[in-house]
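Let me begin by presenting the structure, written as structure tokens, before commenting on it.
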Amino acid sequence: MSDNMILVIDDRESEMYFQSESSFTLQGQLVPPTLLKKMDESNLSEDLPSKLNRDGYLLIRKVYDPDDVIKARNMVLQCLYDVGEVKDPYESGTFSGFSNRRKFYPSTKELGEFWKKISEMEQLRRVINGEKITKVMNSIFGEQTVHFSFAWLRAMIQGKASPVHIDHPYMNRGTDKLVTCWTPLGEIAENDGTIYVLEKSHLWKEIREKFLNIDIDSNPSILGHIEEKPLELVNRKKSIFLTSSFNPGDCLIFGMFIVHGSFDNNNRNGKIRLSCDTRFQPKSEPMDPRFSGSTPEAHRGLGYGCLSSSLPLTEVVKPK
Ligand SMILES: O=C(O)CCC(=O)C(=O)O
Ligand SMILES: [Fe+2]
Numbered sequence: 003m004s005d006n007m008i009l010v011i012d013d014r015e016s017e018m019y020f021q022s023e024s025s026f027t028l029q030g031q032l033v034p035p036t037l038l039k040k041m042d043e044s045n046l047s048e049d050l051p052s053k054l055n056r057d058g059y060l061l062i063r064k065v066y067d068p069d070d071v072i073k074a075r076n077m078v079l080q081c082l083y084d085v086g087e088v089k090d091p092y093e094s095g096t097f098s099g100f101s102n103r104r105k106f107y108p109s110t111k112e113l114g115e116f117w118k119k120i121s122e123m124e125q126l127r128r129v130i131n132g133e134k135i136t137k138v139m140n141s142i143f144g145e146q147t148v149h150f151s152f153a154w155l156r157a158m159i160q161g162k163a164s165p166v167h168i169d170h171p172y173m174n175r176g177t178d179k180l181v182t183c184w185t186p187l188g189e190i191a192e193n194d195g196t197i198y199v200l201e202k203s204h205l206w207k208e209i210r211e212k213f214l215n216i217d218i219d220s221n222p223s224i225l226g227h228i229e230e231k232p233l234e235l236v237n238r239k240k241s242i243f244l245t246s247s248f249n250p251g252d253c254l255i256f257g258m259f260i261v262h263g264s265f266d267n268n269n270r271n272g273k274i275r276l277s278c279d280t281r282f283q284p285k286s287e288p289m290d291p292r293f294s295g296s297t298p299e300a301h302r303g304l305g306y307g308c309l310s311s312s313l314p315l316t317e318v319v320k321p322k
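Printed below as a string of structure tokens:
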């Protein structure tokens, strides 16, 4: 073995997670520590556009005021408490194992309206659409930016995870100058079902070609997510899961073609993982009409009822 190889291995090891008990699983399957690496952190003084181009993502800490994030979190939790899904005290964000949501909101339409009301609360919008993140987005695009009015608020209980996918097939009827901003609402530890991106996957031709111009709403039989198991995909492409824990105030920004998903929420105390994803683009570019305006139709015309989180936390859904 050459010196060079030893150096490479040492360098990788210092960045990997070495836990005696890995808490990272995907559909119950353990993710070997050798396939995990910490995301690189960026700060606002860096050349963010080139870094986003190069790495496919930007992890930026302390973008939002943490107090605002906690206020948004507590507002969401209180709404979940009101439908019986969160235990007392609601601020702890512990799943009750029970739900009254469907009793109060029996139809998809009503469930969607309930989720819309929460998603549009001022406490949440002050964070996810506020001045601080907009400034970051303006500097990334080098011009004035705007956000989709639609927001993807997610509450993930133990055992739940988002499937491996890219965002492009879900939101490509406007400009391709579009980024996702993933905002944790509260602390998210490594075993709380945190988000991952696959290293360098934004450059994979295979995925780009497979999904380019695919639109999940124009053909209902098309699957938006990637069918191959993430562990198999990572091994086949000789990639790695890049991930992190998060604190209130942090955000993760990435483009439409990077492969990502979330690990299973393995928190043993029943802590719900709360996050919200939003989309930003230049103001001068056309916006996907499904996600703009005061009553965004979103996917399949269901509005906020298209989101799996609009369903009671006790109900299981198949990813689309
Ligand atoms: O929060 C998750 O589990 C997935 C988030 C995601 O897919 C996104 O932000 O685009
Ligand atoms: Fe996504």
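All you need for my numbering is the position in the sequence shown, starting with 1, plus 2. Note that CB positions come from ideal geometry on N, CA and C, so glycine has one too.
Below 8 Å on the Cβ atoms is my guess for residue i versus residue j; work out the distance and round it to an integer in Å.
i: Val85; j: Arg103; result: 4 Å
i: Thr196; j: Ser247; result: 6 Å
i: Ala74; j: Leu126; result: 4 Å
i: Ile209; j: Phe97; result: At roughly 34 Å, the Cβ-Cβ gap does not stay under 8 Å, so Ile209 and Phe97 are not in contact.
i: Pro288; j: Thr147; result: In fact, because the Cβ distance is near 14 Å, the residues do not count as touching under 8 Å.
i: Trp117; j: Ser310; result: That belief does not hold up - the Cβ atoms of Trp117 and Ser310 are roughly 10 Å apart, past 8 Å.
i: Leu235; j: Val33; result: Not quite, the Cβ-Cβ distance comes to about 12 Å (not below 8 Å), so this is no contact.
So the candidates are the options; which of them puts its Cα closest to the Cα of residue i?
i: Ile255; options: Lys118, Tyr107, Leu304 and Asn140; result: Asn140
i: Gln29; options: Phe265, Pro250 and Asp69; result: Phe265
i: Gly188; options: Ser277, Ser25 and Arg281; result: Ser277
i: Leu205; options: Lys119, Tyr172, Ser241 and Ala191; result: Ser241
i: Met173; options: Gln283, Asp290 and Lys202; result: Asp290
i: Glu201; options: Leu32, Asp57 and Phe106; result: Asp57
i: Lys40; options: Gln31, Leu61, Pro298 and Asp67; result: Leu61
i: Val71; options: Met158, Phe293 and Ile135; result: Ile135
i: Ala300; options: Glu287, Ile274 and Ser220; result: Ser220
i: Phe100; options: Phe26, Ala191 and Gly272; result: Gly272
i: His167; options: Tyr66, Asn76, Gln80 and Val199; result: Val199
i: Cys253; options: Leu233, Lys212, Ile190 and Asn237; result: Ile190
i: Trp154; options: Arg175, Pro186 and Gly144; result: Pro186
i: Asp76; options: Lys179, Ser294, Met123 and Phe152; result: Sequence inspection shows Asn at residue 76; the Asp mentioned does not correspond to that position. The candidate whose alpha carbon is nearest that of Asn76 is Met123.
Could you check the C-alpha separation between residue i and residue j for me, to the nearest Å?
i: Gly305; j: Leu214; result: 24 Å
i: Asn55; j: Phe259; result: 11 Å
i: Ile142; j: Gly257; result: 12 Å
i: Leu37; j: His262; result: 14 Å
i: Leu50; j: Val138; result: 9 Å
i: Lys207; j: Ser286; result: 28 Å
i: Arg63; j: Ile120; result: 25 Å
i: Arg14; j: Ser203; result: Legend: pLDDT at Arg14 = 36, less than 50; position of this residue unreliable, value from coordinates given subsequently. Distance between the alpha carbons of Arg14 and Ser203 is about 18 Å.
i: Gly303; j: Gly95; result: 31 Å
i: Asp69; j: Ser223; result: 43 Å
i: Pro91; j: Arg128; result: 24 Å
i: Glu317; j: Cys81; result: 17 Å
i: Phe150; j: Met158; result: 22 Å
Within 10 angstroms of its Cβ, does residue i collect 16 or more other Cβ (buried), or is it exposed?
i: Asn193; result: buried
i: Gly307; result: buried
i: Leu46; result: exposed
i: Leu244; result: buried
i: Pro108; result: exposed
i: Asn267; result: buried
i: Glu133; result: exposed
i: Asn269; result: buried
i: Arg156; result: buried
i: Asp169; result: buried
i: Leu315; result: buried
i: Ile130; result: buried
i: Arg281; result: buried
i: Val319; result: exposed
i: Leu225; result: exposed
i: Pro298; result: buried
i: Glu87; result: buried
i: Ser25; result: buried
i: Arg238; result: exposed
i: Pro250; result: buried
i: Gln283; result: buried
i: Gly144; result: exposed
4-residue-minimum alpha helix (DSSP H) runs that sit fully inside the region 34-79, ordered along the chain: 50-57
Those runs of the beta strand (DSSP E) which lie wholly inside the region 268-316 and span at least 3 residues: 275-284
Unbroken stretches of the alpha helix (DSSP H), 4 residues or longer, contained in the region 89-138: 103-106, 110-121 and 124-130
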